[in-house]
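Following our numbering from start to finish, the sequence shown increments by one per residue and tops out at 707.
All C-beta atoms in this analysis are idealised placements derived from N, C-alpha and C, irrespective of residue type, glycine included.
Remember, predicted model here, so these are calculated numbers, not experimental data.
Structure record follows, encoded as structure tokens.
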Amino acid sequence: MNSFVTTNGGDFFNDGRPFRFIGVNMYELAYVSPDIAGLMMKDAVSEGFSVIRFWAFEPADKEKLEHIFNLADEYKIKLIPVLADTWGYLQSYKIDDDWYKGGYKKKYISYITDITTSFKDRTEILLWELINEPSSDSFENIYNFTEDISGKIKSADPNHLISIGTIGGIGDRFGGGFSRFNADNFEKLYSLNSLDAVSIHDYSFNSTVFERLDILQRLKGNQKYSGLFKTLNKLIDYLPGLTDRFTLRNFNTTFDLPLTLRKIWKTYNSKNIEIAKRLSKPLYIGEIGFKKSLNDYRKIVLEAELKKYLEEGVAGILLWSFE
């Protein structure tokens with residue numbers, strides 16, 4: 385694992401061999417002390433993870449990043465630094481439609497140019513992610529931003545791959561609310577030659593409309609509405625939850641009921657996988673997670689989901705999260 389990761393025919397390659405991975409998210413890795421970062425990475429390696437995805441938002445400290453890259457070299461693992469965040473977590477600015485339209489030129493460009501130039505020779509980096517979970521009322525703004533920034537990174541750092549931390553499935557809003565159900569824009573975005581790999585996030589298993597609204601309100605800091613949606617979600621998820629436990633206990637599997645958010649999300653995930661194949665670009669799942677309420681059943685669900693995705697040709701999967 386001492387060379388730069390490349391792509392060929394829809395696969396990642398490292399040291400001349402196909403590179404497929406099970407990895408993990410450690411989003412705060414660059415924002416804790418060097419000693420804690422070292423312990424976190426040691427734990428990840430001991431569990432068998434070969435890739436770590438983490439936040440490297442402005443104002444990430446370059447000395448800390450250097451320390452993380454040195455540890456990755458020692459442990460022979462790869463890293464996915466994410467350069468910005470839609471939600472503003474551990475970041476010095478918020479992102480909105482005006483930011484995509486041109487606001488990113490104020491600080492973001494100089495920051496990512498500095499970071500990618502400084503670490504262009506580090507083989508521990510699997511790829512750079514432009515932004516975590518982008519969302520905008522204008523697909524044109526997202527597209528133009530991605531084309532501009534990915535081109536600038538390619539000029540500053542020709543050694544590393546580039547992707548975006550898109551949610552995929554029905555998670556991305558590139559335009560109005562119903563644009564979540566438009567896979568054409570997803571394909572158009574990833575058709576850019578300066579993007580090397582396709583990203584999706586999968587939280588489909590436990591998803592309901594109220595569960596999604598609960599998370600949205602928590603991200604906005606609206607605890608009152610978050611609590612209301614959380615309660616409503618418990619009510620509507622009670623019977624489906626019982627069904628999952630019954631099928632897991634008796635048949636070691638689950639069934640996706642038609643017209644549920646879970647089924648619809650997975651259907652669109654499959655469309656994203658087919659898009660990646662058409663574009664001959666590797667697809668990786670940047671985040672995948674399952675609720676703690678499943679208890680030990682999570683192990684069965686996780687194994688089944690990972691096996692399914694690997695059989696479908698997914699190049700890598702990163703769990704959310706391991707801290």
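Residue state for Ile-620 is assigned as helix, using DSSP reduced to three classes. Counting every other CB atom within 10 Å of its CB across the protein chains shown gives Ile-546 a total of 16 or more, marking it as buried. Straight through space, the alpha carbons of Ala-421 and Ile-515 are spaced by roughly 22 Å.
Note that the region 540-555 does not touch the region 484-495; fewer than 3 beta-carbon pairs, one per stretch, sit closer than 8 Å. Scanning the region 440-470 from its first residue to its last, the whole beta strand (DSSP E) runs of 3-plus residues come out as 462-466. Under the DSSP assignment, Trp-649 falls in the alpha helix (DSSP H) whose first and last residues are 645-663. At a Cβ-Cβ threshold of 8 Å, Thr-638 and Leu-632 count as neighbours. For a cut-off of 8 Å, the C-beta gap from Gly-560 to Asn-656 is around 20 Å, too long to register as a contact. Between the alpha carbons of Ala-414 and Ala-468 lies a distance of about 13 Å. Taking a cut-off of 8 Å for Cβ pairs, the region 604-617 and the region 690-701 do not touch, as fewer than three such pairs fall below it. Here the alpha carbon of Glu-687 sits roughly 18 Å from the alpha carbon of Asn-409. A Cβ-Cβ distance of about 5 Å is found for the pair Gly-549 and Gly-670, placing them in contact under the 8 Å criterion. The straight-line gap separating the alpha-carbon atoms of Lys-446 and Ile-499 is approximately 8 Å.
Scanning Asn-454, Leu-511, Tyr-477 and Ala-456 for the CA closest to the CA of Phe-441 turns up Tyr-477. By DSSP's assignment, Arg-401 forms a beta bridge with Asn-398.
Per DSSP, Gly-535 is one residue of the alpha helix (DSSP H) stretching across 523-540.
Counting only unbroken stretches of 4 or more residues, the alpha helix (DSSP H) elements lying wholly within the region 572-618 are 593-603, in sequence order. Distance from the CA of Tyr-459 to the CA of Phe-674, rounded to the nearest whole angstrom, comes to 28 Å. The beta carbons of Phe-570 and Ile-659 sit closer together than 8 Å. For Gly-422, the enclosing alpha helix (DSSP H) starts and ends at 418-430.
Residue environment analysis places Thr-470 among the buried positions, since at least 16 neighbouring C-beta atoms fall within 10 angstroms of its C-beta. Here Tyr-681 has Leu-632 as same chain residues with Cβ atoms under 6 Å from its own Cβ, once five neighbours each way along the sequence are excluded. Of Arg-662, Glu-517 and Val-389, the smallest CA-CA separation from Leu-603 is found for Glu-517.
A straight line joining the alpha-carbon of Lys-448 with that of Leu-463 spans about 14 Å. The three-state reading of DSSP puts Trp-512 in strand, counting E and B together.
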